[in-house]
Amino acid sequence: FIRRRIPKRFIVTILGFFGVLNMYAMRVNLSVAIVSMVNTSAQVLENKNYSLTECPAGKFLNIYAEQSEFKAERYNWDYVTQSQIMSAFFYLYFLSLVFGGYIAEKIGAQKVYGAGVFFTSFLTLLTPVIVRWGVTPFIVLRALEGLGEGITFPAMTSVISQWAPKMERSRITSIIYSGTGLGGALGMSLTGWLCSTNFLGGWPSVFYAFGTFGCLWVVFWCILVYESPFKHPYITERELSLYKDNTKPSTQKPKVPWFAIFTSIPFWVLLSAYCGYFFADTILYVEMPTYLSRVLHIDVHMVGLLMSIPCIVLSLGSWVGPIFADKLRKSGKLSITSIRKIFNSI
230 FIRRRIPKRF
240 IVTILGFFGV
250 LNMYAMRVNL
260 SVAIVSMVNT
270 SAQVLENKNY
280 SLTECPAGKF
290 LNIYAEQSEF
300 KAERYNWDYV
310 TQSQIMSAFF
320 YLYFLSLVFG
330 GYIAEKIGAQ
340 KVYGAGVFFT
350 SFLTLLTPVI
360 VRWGVTPFIV
370 LRALEGLGEG
380 ITFPAMTSVI
390 SQWAPKMERS
400 RITSIIYSGT
410 GLGGALGMSL
420 TGWLCSTNFL
430 GGWPSVFYAF
440 GTFGCLWVVF
450 WCILVYESPF
460 KHPYITEREL
470 SLYKDNTKPS
480 TQKPKVPWFA
490 IFTSIPFWVL
500 LSAYCGYFFA
510 DTILYVEMPT
520 YLSRVLHIDV
530 HMVGLLMSIP
540 CIVLSLGSWV
550 GPIFADKLRK
560 SGKLSITSIR
570 KIFNSI
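The sequence shown maps to residues 230 to 575 in our numbering.
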């Protein structure tokens with residue numbers, strides 16, 4: 230029924246949304262989980278200058294922190310070690326972002342995206358086991374997770390280019406990538422809640438939950454999604470007609486104008502904007518949970534809830550913004566370039 234009756238672009242959009250959601254949740258869940266994984270009492274004894282009352286809000290907020298109990302093993306990682314673990318994800322992440330599009334072009338975006346999600350999800354499942362082997366194996370694991378997740382974003386861009394009709398592209402893109410905001414919100418809040426429970430030992434359940442969901446998601450992705458509308462055996466002629474304005478797959482490989490790209494001012498402007506956004510995003514989601522726990526002494530459950538707020542706002546913006554963008558585009562009052570400049574600046 231699903232394969233024959235539901236419009237195929239809707240299936241791709243829904244599965245793409247949940248795929249992006251879970252991938253982003255697996256990226257940020259360690260930021261909150263590490264609060265429960267680290268033995269903070271050992272750090273307090275080692276650092277004589279540290280005081281639980283150093284923050285004016287600590288006395289009030291520490292009511293929650295003192296009530297938390299962690300049944301799973303906890304580790305005596307200092308702040309330098311924690312920073313190395315948290316940053317390890319990005320060691321290979323940027324590299325795979327660069328080559329992910331090339332790999333998707335050669336092998337197929339649908340296959341590459343599914344493989345990236347499965348690889349990252351499987352490694353996430355192994356996290357509670359690998360972390361017991363030591364810091365170095367854990368850092369290697371996180372680096373490999375970054376490699377697996379990095380290839381999924383350019384692959385998803387390729388999937389969208391194939392499956393989003395020209396007049397629906399902004400809306401489908403926004404729905405799929407709104408999974409980043411909701412994934413962050415769900416990842417942070419659910420991680421905080423799981424860490425505060427005794428389910429499967431507390432923090433290990435975080436990695437079991439998101440890893441299992443990702444592996445199950447891959448099954449549906451492989452069964453229901455095809456490389457392009459023109460290769461789907463169950464797509465209707467009516468739906469296929471929506472793609473008449475889309476660029477048909479080409480057998481000739483175009484030459485990439487690398488010199489023109491790297492000498493283009495708009496390219497460097499976009500790169501700078503992305504770097505600025507990514508820097509702020511990384512600081513917020515990687516460092517802020519530790520700050521809320523160590524300095525403000527907020528309970529891990531509350532940390533997860535607080536960190537989910539900016540993610541929810543981000544997701545709402547991803548849904549509302551493109552609706553206005555599509556209306557402006559259809560009205561013809563502004564060019565596509567002007568619309569994209571305005572919304573990127575906002």
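Built from N, CA and C at the ideal position, the CB exists for glycine as well.
So what's Y455 in DSSP terms, helix, strand or just coil? coil
Please go through the stretch 298 to 377 and give each complete alpha helix (DSSP H) segment of 4 or more residues, from N-terminal end onward. 308 to 316, 322 to 336 and 338 to 359
V267 (DSSP reduced to helix, strand or coil): V267 falls in the strand class under three-state DSSP.
For the alpha helix (DSSP H) that I389 lies in, which residues bound it at each end? T381 to W392
Grab me the residues of G410's own chain with a C-beta within less than 7 Å of its C-beta, minus the 5 sequence neighbours each way, in chain order. C540, I541, L543, S544 and S547
Segments assigned alpha helix (DSSP H), at least 4 residues, entirely inside the stretch 397 to 469: The qualifying runs are 398 to 424, 433 to 453 and 466 to 469.
Between which two residues does the alpha helix (DSSP H) containing P518 stretch? M517 to R523
As assigned by DSSP and simplified to three states, the class of V485: In the three-state scheme derived from DSSP, where H, G and I count as helix and E and B as strand, V485 is classed as coil.
Mind reading off the beta-carbon distance from W446 to V346? Whole number of angstroms is fine, and I expect it under 8 Å. 7 Å
Is the separation between the beta-carbon of V261 and that of G421 shorter than 7 Å? yes
Once DSSP output is grouped into helix, strand and coil, what is the label at L513? helix
For G408 and L326, believed in contact at Cβ under 8 Å, the rounded distance: With a Cβ gap of about 17 Å, L326 and G408 do not count as contacting.
Rounding to the nearest angstrom, what Cα-Cα distance links G330 and W432 in this structure? 34 Å
Within 10 angstroms of its Cβ, does Y506 collect 16 or more other Cβ (buried), or is it exposed? Classified as exposed, Y506 has fewer than 16 neighbouring CB atoms from the shown chains inside 10 Å of its CB.
With K577 as the anchor, note down where its alpha helix (DSSP H) starts and where it stops. Past the boundaries of the shown model lies residue 577; the chain is included only from 230 to 575, so the question cannot be answered.
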